Amino acid sequence: MKKVQKRETVAVVGLGKIGLTMAAIYASNGFDVIGADVNQAVIESVNAGISHVKNEPGLDELVIQGHQNKQLSATLDTKTAVSQADIVVVVVPVLIYENNDVDYTYMDAAVEQIAAGLTKHTTVIFETTLPTGDTRDRFGVRLEAVSGLKAGTDFFLAYSPERVYSNKILSDLKKYPKIVGGINAESLQRASAFYKQAIQADIIEVESTETAEFAKVAECVYRDVNIALANELAVYASEKNVNIVEVIQASNTQPYSHIHSPGIGVGGHCIPIYPYFFMKRGLSEGLAHLAREVNDGMAGRAVKEIDDYMDGLKDKRVLILGLSYRENVKEETKSTTWLLVDQLKQKQADVFVHDPMFTDAETKKRALTPFSLTEEAAKEIDVIIVQAFHDEYKSLDFGWFTQCKLVFDGRNALDQHAVKKQGIAYKGLGL
Ligand SMILES: NC(=O)c1ccc[n+]([C@@H]2O[C@H](COP(=O)([O-])OP(=O)(O)OC[C@H]3O[C@@H](n4cnc5c(N)ncnc54)[C@H](O)[C@@H]3O)[C@@H](O)[C@H]2O)c1
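Next comes the structure, spelled out in structure tokens:
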């Protein structure tokens, strides 16, 4: 008689944007997946076959499929989910505090539960972006202490960073190779074998968990530094009356030139955060620090330019387009809008924020004044700042803004002739 092979069980701890997507992919590639999360609403939604993560193409269908095939379920009970799993994937955030120190609150709590449920022969893989050394020295040590098991022999421990982009997670996963590091050869081999089946992408095996952790943060530092360079060049290009967009397009035709785009600020939960995983852990000076300073300084620089042009902003009605940190996502972590609002309030401007991704109630809840994009309301606006260029703004009619004196295009995204045609001054970055 033909032997039926038992499907392996994966526990995914943290069912957020990344965790749920990974869980659904693992289920679609032949694993039984139990997602564990502390949020009751998330659990109920996944158990009803509904993705609570929106705007992620392909995810709704995968969650329905996983639910219908009985290969994807969710629970609040991390300990039990882990005790039933052959593989545990951890995607709970590690954040930073206001002072930029690393905030382990969520992850430490998750690791306690994982440790309590850990059994022999399980492979535990961290996917959350981490300071170098944490998989082995912080979480591995705690897993051993609570479970009484030895990492590398009783259970296996690996790290594999998530390198995907919101809104493109499923397609990015197929495109980017998956970097995997283990605390020893067997941990690496098991984690690597898992990903070969679970995501069916190319795998890059690296020497250690530390190499894999470092690689992810290095990517973020590279991008932050590169954007800071683009910002510096944009400021200088303005002084020289040169168009930086044309410059970058021309320069980047040389294969070693990869200059990124300048912008009014760098937001989100990756680039402005993860450099601190180096900077607070021994990388005490240099480019990473300077880049953070340059990029976070762009909002202040823009407000100063606007203030100079307007001859003061006191009681001027300033409309910021986009609360999200970038276009077409609903995510305001470290959004440049926060820096802009702060700077504009110091100038005593009346600040309004419009974002099609957020309801007025959601905007108000964040202590901001929402703006309805109607022809009537538009007449009252003196200055517009483009912070996140959502698709909706592509068809914005500047003819509505009859009192507006200046549009500051913080993303160099608008057709400046369409603005100027309405008698409104236009400023971009290095244009
Ligand atoms: N979102 C991205 O674009 C992205 C890209 C690359 C890497 N990452 C990495 O993935 C991590 C997770 O990102 P995300 O966007 O999925 O975050 P998220 O905020 O969408 O989800 C995190 C989930 O973890 C859950 N959680 C918190 N504490 C928990 C605990 N103790 N036990 C179980 N679950 C718990 C939360 O309830 C939430 O559902 C990030 O911290 C980052 O390191 C994210």
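UniProt numbering puts the first residue of the sequence shown at 1, with every later residue one more than the last.
Ideal placement from N, C-alpha and C gives every residue a C-beta, glycine not left out.
Computed from a predicted structure; not experimentally measured.
Return the CA-CA distance between residue i and residue j, expressed in angstroms with no decimal places.
| i | j | result |
| --- | --- | --- |
| Leu-339 | Asn-99 | 16 Å |
| Gly-49 | Val-90 | 21 Å |
| Gly-297 | Gln-71 | 48 Å |
| Val-217 | Lys-379 | 45 Å |
| Glu-207 | Gly-182 | 7 Å |
| Thr-253 | Arg-223 | 19 Å |
| Pro-177 | Gly-399 | 47 Å |
| Gly-148 | Thr-359 | 49 Å |
| Val-38 | Lys-79 | 12 Å |
| Ile-18 | Glu-162 | 8 Å |
| Lys-427 | Ile-204 | 44 Å |
| Thr-135 | Val-146 | 15 Å |
| Arg-411 | Leu-118 | 48 Å |
| Leu-173 | Asp-307 | 44 Å |
| Lys-175 | Ala-418 | 37 Å |
| Ala-367 | Val-82 | 40 Å |
| Ile-34 | Leu-283 | 38 Å |
| Val-235 | Asp-103 | 34 Å |
| Lys-314 | Pro-93 | 40 Å |
| Asp-60 | Gln-40 | 19 Å |
| Ala-291 | Asn-69 | 48 Å |
| Tyr-26 | Lys-6 | 15 Å |
Which residue's Cα is closest to the Cα of residue i: the options?
| i | options | result |
| --- | --- | --- |
| Met-425 | Leu-290, Glu-305, Ala-349 | As written in the sequence, residue 425 is Ala, which differs from the Met given in the question. Minimum Cα distance to Ala-425 is reached at Glu-305. |
| Ala-185 | Phe-155, Lys-174, Lys-175 | Phe-155 |
| Thr-369 | Ala-349, Ala-388, Glu-376, Glu-375 | Ala-349 |
| Leu-143 | Ile-96, Ile-25, Leu-173, Thr-123 | Thr-123 |
| Leu-406 | Ile-384, Ala-413, Phe-278 | Ile-384 |
| Met-22 | Val-146, Val-247, Thr-363, Ser-160 | Ser-160 |
| Gly-265 | Tyr-276, Asn-241, Met-279, Glu-232 | Glu-232 |
| Ile-199 | Val-111, Phe-214, Ile-179 | Ile-179 |
| Asn-29 | His-121, Tyr-165, Ala-201 | Ala-201 |
| Phe-214 | Glu-127, Val-111, Ala-191 | Glu-127 |
| Ala-288 | Tyr-274, Thr-363, Arg-301, Gly-300 | Tyr-274 |
| Val-225 | Leu-396, Tyr-276, Glu-362 | Tyr-276 |
| Tyr-97 | Ala-151, Gly-152, Ala-110, His-269 | His-269 |
| Ser-335 | Glu-375, Met-310, Val-386 | Val-386 |
Is the CB-CB distance between residue i and residue j below 8 Å?
| i | j | result |
| --- | --- | --- |
| Phe-31 | Val-10 | yes |
| Val-46 | Leu-76 | no |
| Ile-227 | Asn-295 | yes |
| Phe-371 | Leu-431 | no |
| Arg-281 | Ile-381 | no |
| residue 516 | Ala-237 | A query on residue 516 cannot be resolved here, the shown segment of the chain reaching from 1 to 431 and no further. |
| Ile-114 | Val-13 | yes |
| Ala-388 | Gly-322 | yes |
| Val-341 | Val-351 | yes |
| Glu-210 | Thr-105 | no |
| Thr-337 | Val-353 | yes |
| Val-42 | Ala-74 | yes |
| Tyr-325 | Gly-263 | no |
| Leu-188 | Ala-158 | yes |
| Gln-343 | Ala-299 | yes |
| Pro-356 | Leu-170 | no |
State yes or no: is the C-beta of residue i nearer than 7 Å to some heavy atom of ligand 1?
| i | result |
| --- | --- |
| Arg-411 | no |
| Lys-17 | yes |
| Val-38 | yes |
| Pro-26 | At residue 26 the sequence reads Tyr, which differs from the Pro that was named. Result no, Cβ not under 7 Å from ligand 1. |
| Cys-220 | no |
| residue 432 | Look at the range of the chain in this structure, 1 to 431, and you will see that residue 432 is not part of it. |
| Val-235 | no |
| Glu-392 | no |
| Tyr-165 | yes |
| Val-94 | yes |
| Ala-361 | no |
| Tyr-106 | yes |
| Glu-44 | no |
| Ala-74 | no |
| Thr-336 | no |
| Glu-162 | yes |
| Ala-110 | yes |
| Val-124 | no |
| Val-353 | no |
| Thr-132 | no |
| Cys-404 | no |
| Val-91 | yes |
| Thr-374 | no |
Run through the segment 321 to 363 for me and flag every whole alpha helix (DSSP H) of 4 or more residues, listed as ranges in chain order. 336 to 346
Segments assigned beta strand (DSSP E), at least 3 residues, entirely inside the segment 193 to 248: Qualifying beta strand (DSSP E) stretches, in chain order: 203 to 205.
Pick out the complete beta strand (DSSP E) segments inside the segment 361 to 431, 3 residues or longer, and give them in chain order. 383 to 386, 406 to 409, 425 to 427
Length at least 4, wholly inside the segment 58 to 144: the alpha helix (DSSP H) runs in chain order: Complete alpha helix (DSSP H) runs here, min 4: 59 to 68, 78 to 83, 105 to 117.
Would you list, in sequence order, the uninterrupted alpha helix (DSSP H) runs of no fewer than 4 residues that lie entirely inside the segment 252 to 305? Whole alpha helix (DSSP H) segments, 4+ residues: 275 to 279.
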